[in-house]
Amino acid sequence: MIRLSRPRPARRPGLVAMIDVIFLLIVFFMVAARLDQQEALPLSIAGAGAGGAWEGPPRLVEIGAQAIWLNGVSISLAELPEALAALMTDEGAPVIALPRAEATVADLAQVIGALRGEGIARVILAPGGGP
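With my numbering as the guide, the letters of the sequence shown map in order to residues 88 to 218.
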């Protein structure tokens with residue numbers, strides 16, 4: 088006579104191993120993430136708030152991919168603060184930054200950082216993404 092054995096009940100998955108894996112993933116992502124404070128660039132958005140009357144010559148800085156234009160004339164990043172200083176009527180005069188479509192955030196941050204390093208504090212970001 089053939090004896091058939093009873094089927095064994097299915098084993099339940101061990102939750103301890105899954106919890107260990109999840110804990111290790113959490114620790115990995117916490118260590119891999121940058122937890123330091125990011126530096127913020129103080130900007131005004133064009134058209135936001137009540138702006139005063141514009142004084143002095145135009146100060147439009149167009150920012151492209153590795154290229155900068157001041158009032159439509161190509162200029163290097165090193166020459167930009169000096170050229171802007173000649174156009175400034177006072178220390179608090181605003182400068183409009185217009186990033187072009189090909190400009191990256193790094194390009195914009197580099198220009199704004201250079202301007203702030205030279206004491207130009209009022210930078211107005213104009214949306215648009217020009218030519």
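By construction, the Cβ of each residue, glycine as well, lies at the ideal position given by its N, Cα and C atoms. Since this is a predicted model, take the numbers as computed values, not measurements.
Asked: Straight-line gap, L164 to E189 (C-alpha atoms, nearest Å); Found: 17 Å
Asked: Buried or exposed (CB count within 10 angstroms, at least 16 for buried), A137; Found: Here A137 scores only 44 on pLDDT, less than 50, and its place in the model is too uncertain to base an answer on.
Asked: Alpha carbon of T191 to alpha carbon of G151, nearest angstrom; Found: 8 Å
Asked: Outcome for D177 when other beta-carbon atoms lying within 10 angstroms are tallied against a minimum of 16; Found: exposed
Asked: Contacting residues, own chain, Cβ-Cβ under 6 Å from L174 (five flanking each side not counted); Found: P144 and R146
Asked: DSSP beta-bridge partners of A154; Found: G151
Asked: Bridge partners - L195, DSSP secondary structure assignment; Found: Paired residues: none, contrary to the question.
Asked: N-terminal and C-terminal residue of the alpha helix (DSSP H) that L171 is part of; Found: L167 to L174
Asked: Nearest to I199 (by Cα), restricted to the options E149, I89, S161 and A104; Found: E149
Asked: Counted within 10 angstroms of its Cβ, other Cβ atoms place V182 as buried (16 or more) or exposed; Found: buried
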